[in-house]
Amino acid sequence: MLKSHSCGELKKEHVGQTVTLAGWVDRRRDHGGLIFIDLRDRQGVVQVAFNPEISKSCHEVANQLRSEFVVRVSGEVARRPPGTENPKLPTGEVEITARDAEILNPSRTPPFYINEDVEVEENLRLRYRYLDLRRAGM
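Numbering (my numbering), first residue to last: 13 to 150.
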């Protein structure tokens with residue numbers, strides 16, 4: 013099974029359920045031992061936590077992840093620890109504790125960030141128009 017849920021549909025009602033998600037790595041953050049990614053699909057974004065104490069092999073996969081990689085992740089929906097919730101996201105109360113991960117397709121680093129409102133030279137935007145069209149401002 014490629015996925016059981018979409019990223020944007022997970023809420024606190026799903027806590028305790030095991031889910032399988034697939035999507036693009038929107039952002040990756042390494043906090044020492046823990047690695048977090050924001051996983052994005054057509055429905056939204058959800059945070060995934062990779063803990064080496066839970067799954068060393070899964071954490072090794074997370075070390076390889078970069079922006080725009082396509083990945084499948086299985087794990088348990090958990091409440092975010094108090095103070096780490098993100099009220100700006102519909103999924104901001106939960107995160108996925110990863111138990112299994114697979115890189116479906118690696119990606120080269122994009123020439124500019126697609127999901128951020130940054131100034132990009134017009135020549136670069138025209139050269140990579142297929143990426144520019146994915147930006148919210150377009």
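Even glycine gets a Cβ: it sits at the ideal position worked out from N, Cα and C.
Q) In this structure, what does DSSP give as the bridge partners for isoleucine 108? A) On the sequence shown, position 96 is the one that residue 108 refers to. Isoleucine 108 has Val60, Val89 as its beta-bridge partners, per DSSP.
(Q) I'd like the span of the beta strand (DSSP E) that includes asparagine 43, first residue to last. (A) Residue 43 sits at position 31 when you count from the first residue of the sequence shown. This sequence places histidine at residue 43; asparagine is not what is there. Here the beta strand (DSSP E) through histidine 43 covers 30 to 43.
Q. What does DSSP give as the partner residues of glutamate 114 in its beta bridges?
A. Translated into the one-based positions of the sequence shown, residue 114 becomes position 102. Answer is Arg84.
Q. How would you write the range of the beta strand (DSSP E) that leucine 143 sits in, first residue to last?
A. By one-based count along the sequence shown, residue 143 stands at place 131. Run containing leucine 143: none in the beta strand (DSSP E); it sits in the alpha helix (DSSP H), 141 to 144.
Q) If we call anything under 8 Å between Cβ atoms a contact, is glycine 20 one with glycine 56? A) Here residue 20 corresponds to residue number 8 of the sequence shown, with the count starting at 1. Here residue 56 corresponds to residue number 44 of the sequence shown, with the count starting at 1. Yes; because the gap between Cβ atoms is below 8 Å, this pair is in contact.
Q | Beta-carbon proximity check, valine 27 vs valine 89, cutoff 8 Å | A | Taking the first residue of the sequence shown as 1, we reach residue 27 at position 15. Taking the first residue of the sequence shown as 1, we reach residue 89 at position 77. Yes. Within cutoff.
Q. For leucine 101, which three-state DSSP category applies?
A. Locating residue 101 in the sequence shown gives position 89, where the first residue counts as 1. Here leucine 101 sits in coil by DSSP.
Q. Taking aspartate 42 as the reference, which of Asp112, Ser16, Leu77 has the closest Cα?
A. The count along the sequence shown starts at 1 and reaches residue 42 at position 30. Selected option, being the one with the closest Cα: Leu77.
Q) Beta carbon of isoleucine 49, beta carbon of valine 60: below 8 Å? A) Along the sequence shown, one-based indexing puts residue 49 at 37. Along the sequence shown, one-based indexing puts residue 60 at 48. Yes.
Q. How would you call glycine 95, buried or exposed, if buried means at least 16 neighbouring beta carbons within 10 angstroms?
A. Taking the sequence shown and counting its residues from 1, one reaches residue 95 at position 83. That one is exposed.
(Q) For a test of the three-state rule: what should DSSP assign to arginine 137, helix, strand or coil? (A) Walking along the sequence shown from the start, residue 137 turns up at place 125. In this structure, arginine 137 counts as helix in the three-state DSSP scheme.
Q. How many Å lie between tyrosine 142 and serine 119 at the Cα?
A. Taking the sequence shown and counting its residues from 1, the one referred to as residue 142 is at position 130. Taking the sequence shown and counting its residues from 1, the one referred to as residue 119 is at position 107. Whole-angstrom Cα-Cα distance: 15 Å.
Q | glycine 87 beta carbon less than 8 Å from that of isoleucine 108 | A | Taking the first residue of the sequence shown as position 1, residue 108 is located at position 96. Taking the first residue of the sequence shown as position 1, residue 87 is located at position 75. In contact: isoleucine 108 and glycine 87 (Cβ atoms closer than 8 Å).
(Q) Using only CA atoms, which one of His17, Lys100, Tyr140, Asp38 lies nearest to glutamate 80? (A) As a working note, residue 80 is residue 68 in the sequence shown. The shortest Cα separation from glutamate 80 among His17, Lys100, Tyr140, Asp38 belongs to Asp38.
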